[in-house]
Amino acid sequence: MGGESLTDAVKEIRKLIASADEDTLVNLANKGTYKRACKDAEGAPADFTETDDSIVLDFGGETVTIKSPLEKSTCTCPSRAVCRHIVGALVVMKGVIPADEAAAPEPVLETAAAENTAEEISAETAEVPAPEPVPSEPETVYLSEKDTAKVRACAELCRGLLADILADGLVRTPADMPARIEAAAVRCHSVKAAAAEKIMREIGGRLSDYTERRAAFDLSKFTERLMKCDELLRELEEKKLTEDDLGEFKRKYTTLDGELSLMPVGARDVDIGDYVGEIYYFLDVNKTSGRNFLTVSDLRPVFYENEKKRRRTPSVCPWDLAVPLKSVMKNSLVLYNAKISDDKLSTSAETKVMNKSKVSLNSPEVYDLIKDDFREIASALDEAGDLETDRLFFVRPTACLSQRYDKYDQQFIMEIEDVNGCRINIKAKFRAETKSFIETLEKIGKRMLDDKDTCFTLLAVAGIEDGELTLFPIEIYDFIVPFECSGYKLPEKYEGAAAYAGYAETLLNLFSKLREMMSAILHCGLRSEIRDDDKLVKYAENCGMKGLAELAVKVIEGASAFRHSTGGNAREMLLSMEKLSDYITTGEGRLQTISALSRMQPDDIREINS
1 MGGESLTDAV
11 KEIRKLIASA
21 DEDTLVNLAN
31 KGTYKRACKD
41 AEGAPADFTE
51 TDDSIVLDFG
61 GETVTIKSPL
71 EKSTCTCPSR
81 AVCRHIVGAL
91 VVMKGVIPAD
101 EAAAPEPVLE
111 TAAAENTAEE
121 ISAETAEVPA
131 PEPVPSEPET
141 VYLSEKDTAK
151 VRACAELCRG
161 LLADILADGL
171 VRTPADMPAR
181 IEAAAVRCHS
191 VKAAAAEKIM
201 REIGGRLSDY
211 TERRAAFDLS
221 KFTERLMKCD
231 ELLRELEEKK
241 LTEDDLGEFK
251 RKYTTLDGEL
261 SLMPVGARDV
271 DIGDYVGEIY
281 YFLDVNKTSG
291 RNFLTVSDLR
301 PVFYENEKKR
311 RRTPSVCPWD
321 LAVPLKSVMK
331 NSLVLYNAKI
341 SDDKLSTSAE
351 TKVMNKSKVS
361 LNSPEVYDLI
371 KDDFREIASA
381 LDEAGDLETD
391 RLFFVRPTAC
401 LSQRYDKYDQ
411 QFIMEIEDVN
421 GCRINIKAKF
431 RAETKSFIET
441 LEKIGKRMLD
451 DKDTCFTLLA
461 VAGIEDGELT
471 LFPIEIYDFI
481 VPFECSGYKL
491 PEKYEGAAAY
501 AGYAETLLNL
511 FSKLREMMSA
521 ILHCGLRSEI
531 RDDDKLVKYA
541 ENCGMKGLAE
551 LAVKVIEGAS
561 AFRHSTGGNA
571 REMLLSMEKL
581 SDYITTGEGR
591 LQTISALSRM
601 QPDDIREINS
């Protein structure tokens, strides 16, 4: 359009674009979006149309409408915030609009008196530093009423399905329920509820494990996740929603400064219903990421595939490597421009491998992380985060005491001992993808039983279950040479823990029975009778847990009311179960470590402490 035909509104937009510097564009979105937009803008065409009150152009396959103020600009992509298309369009337009169209600075009005005192003012202001600009808080942007209504309708649908599962029980759940859960997950996707979609797919996958009688199904875990899913959906129904409340479909990665030195330490096959593939584990040698361990996932979704006819897809070739990752797992790697999200490494081709060389795990970096005292693992878990790698350890037991298969739980169990005689279990769930690893673990255990001088080192995820420290192995090494004992000393805050161990174990036993009660309710349904319900309430009262007893009574009475009437409310029942579960989780967090430290001790030491 010609300059004379421009409306005042368009002239204002052109001024805003010409005046917008890098900081302005970053503040519209964020630095990552700005950098991505700049890259996309390279070589992009600058064909645009100026309407009465906007500038319209195509960018990145979407149509962007630039308005005044710039944050009011819109895009045809699904994003509700200022997206990379809007920022990219602004970058393109900055290359078109002459810089002299930028808004002129406000003129300084001078009076005669001001002219006479210019020198005095200059002297005074020279001594007073200019105030630091106060960063403005980003404005909270809520979803529109229309979008909120869509999300809430979807959440209501999903909660209805969860309530149906609870009311009927797993034993009476219709065969098509996994498909209905999957359809609900698709609807979550359509309303941009990423977090809800993810957990609904998880529920559907676990439910399929149950209906298809897979050994991977865990009733207690399913109960926990179903309650967590209902809690998330309830928040979507009740909260005033922002885009952040919906979650993200894709991870946000942060670029690390400098080089990232990686040492490969293991890998495991994964088949969790919704995804199959491998997870690779690396040691961050210099802790550039601030973490000991990082992972790379080579997983693909199998939501819509028949299990018997799953497609074979090529393995990931990250960081512009010409070969799959599994072929370089015996090499140390130095990466430049590495990107991470929590403990996950991006496989982006923008990350480059600067160096690759053979590596041995017989190195000081590994030795420094090996735990030979199980108490150190238990105390570390007390402060560990929620990520798997926060609970990942190199562990070196001194002896294998026994090993066996648990046919009921379909798992291999090995009892091991540390330098102080403390004993814990290694557990490995028996599945198709773990069969080979369990066979190797069994062979090494047999060697240790036959020869007391045989040693091995584990890479394992640690957890405390029912008050006992347990290791879930990822890799096992029989080639790492022995080293001097660490001489670990238990922190002072745990030194008196033995005195409370008996009470801690009593409460954990109560918590376990209450969890079993909720799992039984979910398994059998709300129309089935709860056994020993009065005993559990009495047990809680005798332990001095009045609040816990009240929550348990509410669950028990809710189930009873559902059984004896036609007007039972399964959603209210789920809420009561969630409150009881939250109380138990809080209590367990305080008691698990105390119990684990006590129960790993040999029996003779426990008798002395008691």
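When we follow full-length UniProt numbering, the leftmost residue of the sequence shown carries the number 1, and every step to the right adds one. The beta carbon of each residue, even a glycine, is placed where N, CA and C say it ideally should be. Values in this document were obtained by computation on a predicted structure and should not be read as measured data.
Please report the distance separating the alpha-carbon of L219 from that of T211.
Straight-line Cα distance between these residues: approximately 12 Å.
| field | DSSP-derived helix/strand/coil call for D284 | value | Look at D284 here: in three-state DSSP terms it is strand.
**Request:** For P174, count neighbouring C-beta atoms within 10 Å of its own C-beta (all shown protein chains included) and say buried if the count is 16 or more, exposed if not.
**Result:** By the neighbour-count rule (16 or more Cβ atoms within 10 Å), P174 is not buried but exposed.
Beta-carbon separation of I594 and A460 under 8 Å?
no
query: So what does R300 bridge to, in DSSP terms?
result: V276
* Would you kindly work out how many angstroms separate the C-alpha atoms of E417 and A570, rounded to a whole number? => Distance between the alpha carbons of E417 and A570 is about 47 Å.
**Message:** Which of the three DSSP states is assigned to T593 in this structure?
**Reply:** helix
**OP:** Check whether the Cβ atoms of M329 and Y280 lie closer than 8 Å to each other.
**Re:** yes
Q | Helix, strand or coil at P397 [DSSP, three-state] | A | Here P397 sits in coil by DSSP.
* Can you grab the Cα-Cα spacing for the pair G445 / Y408, in whole Å? => 21 Å
Near residue 614, what residues of its chain come up, given a Cβ to Cβ distance below 7 Å and the 5 sequence neighbours on each side ignored?
-> The structure shown has nothing for residue 614, since the chain only spans 1 to 610.
Practice prompt. Please work out which residues of its chain come closer than 7 Å, Cβ to Cβ, to F374, disregarding the five sequence neighbours upstream and downstream, and give them in chain order.
Written response: Spatial neighbours of F374 in its own chain (CB-CB distance under 7 Å, excluding positions within 5 residues in sequence) are listed in chain order as D418, C422, I424, L469 and M600.
Taking 8 Å as the cut-off, decide whether the C-beta atoms of A89 and F59 are in contact. yes
Provide the residue span of the alpha helix (DSSP H) that contains T24, from first to last.
E22 to L28
Here's the rule: buried if 16 or more other CB atoms are within 10 angstroms of the residue's CB, otherwise exposed. What is R251?
exposed
| Limits of the unbroken beta strand (DSSP E) element including A462 | T457 to E465
For L109, is the classification buried or exposed, using 16 other Cβ atoms within 10 angstroms of its Cβ as the cut-off for buried?
Any answer about L109 is weak, because its pLDDT of 40 lies below 50 and its placement is not dependable; what the coordinates show is given next. Classification of L109: exposed, given that the 10 Å Cβ count is below 16.
Spatial neighbours of K513 within its chain, please: CB distance less than 8 Å, with the 5 preceding and 5 following residues excluded, ordered by chain position. L536 and Y539
Please classify P107 as buried or exposed, where buried requires at least 16 other C-beta atoms within 10 Å of its C-beta.
With a pLDDT of 45 at P107, under the threshold of 50, the modelled position of that residue is not reliable, and no figure is offered here.
For V87, which residues from the same chain have a beta carbon less than 7 Å from its beta carbon, with the 5 sequence-adjacent residues on both sides left out? L25, L28, A29, T33, Y34 and A37
- prompt: According to the neighbour-count rule (16 or more other Cβ atoms, all chains shown, within 10 Å of its Cβ), is A41 buried or exposed?
  reply: Around the beta carbon of A41, a 10 Å sphere encloses 16 or more other beta carbons of the protein chains shown; the residue is thus reported as buried.
Review point. Would N292 be called buried (16 or more neighbouring beta carbons within 10 Å of its own) or exposed?
Key: buried
Exercise. For C75, which residues does DSSP report across the bridge?
Worked result: Answer is V64.
### Task
Mind reading off the beta-carbon distance from E237 to A155? Whole number of angstroms is fine, and I expect it under 8 Å.
The beta carbons of E237 and A155 sit about 5 Å from each other, so the pair counts as a contact at 8 Å.
Q. Going by C-alpha distance, which of A196, E259 and K221 is nearest E235?
A. When the alpha-carbon of E235 is set against those of A196, E259 and K221, the nearest one is in A196.
So the beta strand (DSSP E) S261 belongs to, where does it begin and stop?
-> E259 to D271
* **Among D320, K198, A561 and A167, the one whose alpha carbon lies nearest that of N355** => D320
Delimiting residues of the alpha helix (DSSP H) encompassing M354:
It is not in any alpha helix (DSSP H) - M354 instead sits in the beta strand (DSSP E) that spans K352 to K358.
inquiry  = I need the boundaries of the beta strand (DSSP E) containing L57, first residue and last residue.
reply    = I55 to F59 is the extent of the beta strand (DSSP E) around L57.
Item to complete: Just mark S73 as buried or exposed, buried being the case when its beta carbon has 16 or more other beta carbons within 10 Å.
Response: buried
On a CA-only basis, which of L256, I13, E350 and V171 is nearest D342? Give me that one, please.
-> L256
### Query
If you count every other CB in all the chains shown that lies within 10 Å of the CB of G204, and 16 or more means buried, which is it?
buried
With DSSP collapsed to three states, give me the class of residue 632. Any property of residue 632 remains undetermined from this structure, which presents the chain solely from 1 to 610.
Q. Any contact of the stretch 331-347 with the stretch 366-381, i.e. 3+ C-beta pairs under 8 Å?
A. no
Original post:
Is there contact between the stretch 546-565 and the stretch 576-593, where contact requires at least three CB pairs shorter than 8 Å?
Top reply: yes
| said: I'd like the list of long-range same chain contacts for S348, defined as Cβ closer than 7 Å, with 5 residues on each side in sequence excluded. | reply: These residues qualify, in order along the chain: K339.
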